[in-house]
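One structure below.
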Amino acid sequence: MSYVTVLWSMTAAAAVVAAMLQGVVWALDRESRANLALAIVALSVAAIVPTELGMMYSSTAQEWGEWVRWCHVPIYFAIVGTVAFVRIYMGTGRHWLAWTIVAVRTVILVRNLAVEPNFNFDSISTLDHIRFLGEEVAVVGNAVVSPWQWLATAAGILFLVFVLDASITLWRRNGPDDRRKALTMGLSLLLFVVASLVHTQLLIWGLVHVPVMIALPFIIPLGAMSFELSRDILRAPKLARALGESERRLELAASAAGLGLWVWDLDHSRVWSTERARALSGLSKDAAADPQRWFERVHPEDAERVRHAIDQAISLGGEYSMEYRICLPDKRTHWVSAQGRSGSDSGGRRLMRGVIRDITPQMQARDESEELRRELAHAGRVSMLGQLASALAHELSQPLGAILRNVEAAEMMLGSESPDLEELRAIVADVHSADRRACDVIERLRALLGRRRLDLQPVALESLVHEVAALVRPDAIAKRVTLQCDVVSGLPRVRGDRVHLSQVLINLILNGVDAVLSTNLASRKVIIAARANGRHTIEVAVTDSGPGIPAEHVDRVFDPFFTTKPGGMGMGLAVSRTIIEAHGGRLWAENNAEGGATFRFTVPVDGDSRR
Ligand code: ADP
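Using my numbering, you'd call the opening residue of the sequence shown number 782 and step up by one each time.
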C-alpha cells in the first residue's frame, strides 16, 4: 500500500473539509473575517498537496522543477492567509512586519513565475530516486541553487519573528482565553515554521535527500487555528443565552431607573428600543422601528432644536443631551431628558445610542419652585420699597407741592383783569415738568412692584445703575450717605431681567446704607461700580465704608433669615443670590482692606452684544 498517497490524500481531504466549514461560517456572517482567512489557508494547504505529489512522481528534472514552481502559488496564499488570521483573530502582530512579509512573498512569487525553472533553482540537471514510506519517489539530484534563495530564507525568518511577537503580545495581554490562544496557535505555528524552514533549506542546499513536505506539517497549525475558531462557534449559543440574560437584566435595571434605551442604526435607518423608551414616546413596537416616527412625537416648538442637536451629533460624531416635550397620541404632553452618542459597532455600522427619561415631575417641581422664587422676590421688593417709602413720599411731595403752588399762582393771575399770558405759560410748563418728575417716581415704583417671571433680555447696566441710584438717592440723602456711581462707560449689555437686577442692586445699596449709619457723618459712602470681567461677564460691586462683615458672619450672611438688624427679615441677600444664580452669575461678599464690605455679583454678557 502507498502510504504517500494515503497520507497526502488525507491531508488534502482534511484541509478541504476545514476550508468548507470555515467558508460556510464566513458566508453566513460576512463580518467573521478570521473564518475567511482560515478558509483561504486551508484551501491553499489542500492545493499544495497535488504539487508535492507531482514532485514525488516526476520522471524528469524539468517536470520536478515545474511542480516546484506551481507549489509557490498555494504557499503564497497559505502564508498571506495565516498572517491575516493572526492579525484578525489574535489581534496582535505588528502591522509593518505583516506587510513586509506580504511584500517579500509577492516578490518571490512574481520572480518564481518569471524565471526558469523556478525561484529556488537556477537549473536542475538530475533527479534522484529514493525509497520513502515504502515507495520510490523522486527528489532533487544535481541542481544549482538560485542566488535569490536568501530572500525565501529571510521571508521564513520574518514570519517566525512575526508569529513569535504576536504570541508574546497576546500572552502578556492576559485577558480571558488570551494565554490559551497564544499557546495553541503560537506554539503550533512556530513548530511548523521552524520545521519547514529547516527542512526546505537542507533540502534545497542538497544536504538531505527527502521530498518537499509543506502540506503535511501545515496540518498542525491549521488544526490549532480551526480548533480555536470552532471553540468560538461552539460557545456562540452559550454566549447568546448569556447575552440575552444580561440584556434582560440591563433592561430591568434601566426601567427600574426610569430609563428607556434605544439604538438607531443610521445605515439601515432602523431603531431598536426598550419597552420603556417606546412607552415614553407613545410608540408601538412596529412604529418604533422607524426613526421618523420618533421625530413626529417631538413637540412642534422643540422639534427644530432636537433635530439640530441630533444632526450635529451625527455629523460631528459627538454627543447630545437635551430636554424636550413629547406629545402622546392621547394629547398629553410630557417632558423627557434625552442623551445620545453617535459611534459605530465592531462591524463598522454607524449607530446612535441613547437613553430617554421622563422628567415631567422634575419640570413641574422646577416650575413650582420658580413660582415660589418669584413670590419671594416679589415679597422682598415690596418690603424693600416699604423701607424706601418715607424717602419716596418726600420725593413725591416735592413735585406735588410745586404743582400746587403753581396752580395757586395761576388762579390768582386768572383773577386779575388782564392776566399775563407769558407768565401763565411759564407756570403751565413748570406744572408739566413737576408732573413728569412725579410720574417718573411712580413709574419706577410700579415697575418694581409688578409680579413677574424672570424675563432675560439685553440690559444696559449703566442706565440700570443710574435708575436704581435715582430711586435710592432720596433715602441716602435723608440719612446723609453719599451715593456714588462708578460705571465704566460703553460696557456691553448683559443678559438679564431689569426688574430682578434692580432688586438685587437696591438690596445691596440699602444694606450698604444701613451699614455706614454706624460710622461718622463725613465718611458715610456707598459706591456702585461696574466693569467687564473678561469677555463674557460683567462684574458689579457695591462697596460701603461701614464696619464690614464680622468674621463669624461672613459664611452666614446669605443664609435665609440671617439678620443682625432689629427689624430685619434676613431674606434680602438670600433672594438676591437666587436671582443672580438664575441669571447664570455669582454673588459673594468680601471685606475691604481699608474697611467696609464689598458685595460683588457677575452677570453674563448678552451673546449678541459681545464686542
Ligand atoms: P436684612 O437686611 O433684612 O438683615 P439681608 O439678607 O439683606 O437681610 O442681610 C443679612 C445680614 O447680612 C444683615 O443683617 C447684616 O448683618 C449682613 N450684611 C448685609 N450687608 C452688609 C454690609 N454691607 N455690611 C455689613 N454687614 C452686612
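Backbone N, C-alpha and C fix where the C-beta goes; we use that ideal spot for every residue, glycine too.
The shortest C-alpha to C-alpha distance from aspartate 903 to any of Phe913, Ser1178, Arg850 is the one to Arg850. When secondary structure is reduced to three states using DSSP, leucine 970 falls in the helix class. Annotation note: the stretch 1036-1073 contains the following uninterrupted beta strand (DSSP E) runs of length 3 or greater, listed N- to C-terminal: 1040-1046, 1051-1054.
Our two residues, phenylalanine 1008 and glycine 872, have alpha carbons roughly 17 Å apart in a direct line.
Within the same chain, Cβ atoms closer than 8 Å to the Cβ of methionine 994 are found at Glu833, Ser977, His980, the five residues on either side in sequence being excluded.
In terms of side-chain proximity, the C-beta atom of methionine 1352 is found nearer than 7 Å to a non-hydrogen atom of the ligand ADP. Isoleucine 856 carries a helical assignment under DSSP once its states are collapsed to helix, strand and coil. If you check the CB distance, valine 918 and methionine 791 do not come in under 8 Å. The shortest CA-to-CA distance from isoleucine 905 to any of Trp931, Gln843, Ala936, Ile860 is the one to Gln843. The alpha carbon of arginine 1218 has as its nearest neighbour, out of Ala1038, Asn893, Ala1174, Phe973, the alpha carbon of Ala1174. Cβ neighbours of arginine 886 within its own chain (closer than 7 Å, five residues either side excluded): Tyr857, Ile860, Val861, Ala936.
When Phe1342, Tyr870, Arg1051, Gln1145 are compared, the shortest CA-CA separation from serine 1011 is found for Tyr870. Of all alpha-carbon atoms in Gly1135, Asp1256, Ala1313, the one lying nearest the alpha-carbon of methionine 1165 is that of Asp1256. Note on geometry: alpha-carbon atoms of alanine 794 and alanine 1068 lie some 51 Å from one another.
When the Cα atoms are used, arginine 1358 and histidine 1213 turn out to be separated by approximately 41 Å. Set against 7 Å, the gap from the CB of histidine 1080 to the closest heavy atom of the ligand ADP is not smaller. Tryptophan 952: member of the alpha helix (DSSP H) spanning 930-954, first to last residue. Beyond the five residues adjoining it in sequence on each side, leucine 1286 comes within less than 6 Å, by CB distance, of Val1249 in the same chain, given in chain order.
Taking 8 Å as the upper bound for CB-CB distance, leucine 914 and valine 785 are in contact here, some 5 Å apart.
From the listed residues Leu1282, Ala1207, Glu1149, Val1222, the smallest Cα separation to glutamine 1179 is found for Val1222. The beta carbon of leucine 1302 is closer than 6 Å to those of Arg1261 in its chain, skipping five residues each way along the sequence.
The Cβ atoms of isoleucine 1095 and valine 1117 lie no closer than 8 Å to each other. A direct Cα-Cα distance of roughly 8 Å separates isoleucine 985 from asparagine 901. Between histidine 1281 and alanine 1370, the C-beta gap is not smaller than 8 Å, which leaves the two residues out of contact.
Of all alpha-carbon atoms in Ile938, Pro1347, Ala1355, the one lying nearest the alpha-carbon of proline 1341 is that of Ala1355.
Contact check for arginine 1279 against leucine 1264 fails: the beta carbons are separated by 8 Å or more.
Note that the C-beta distance between alanine 1332 and arginine 1381 is not below 8 Å. Secondary structure at valine 830: helix, using DSSP grouped into helix, strand and coil. By the Cβ-count criterion, phenylalanine 943 is buried, with 16 or more other Cβ atoms from all chains shown falling within 10 Å of its own Cβ. Secondary structure note for tyrosine 838: it is in no beta strand (DSSP E), with a DSSP letter that is neither H nor E. Residues Asp1256 of the same chain have their beta carbon placed closer than 6 Å to that of leucine 1169, with the five preceding and five following residues left out of the count. Residue pairing of asparagine 1314 in beta bridges, as defined by DSSP: Thr1318. Taking 7 Å as the cut-off, one finds no heavy atom of the ligand ADP near enough to the beta carbon of histidine 1281. Assigned with DSSP and collapsed to three states, isoleucine 882 falls in helix. Judged by DSSP in its simplified three-state form, lysine 1260 adopts coil rather than helix or strand.
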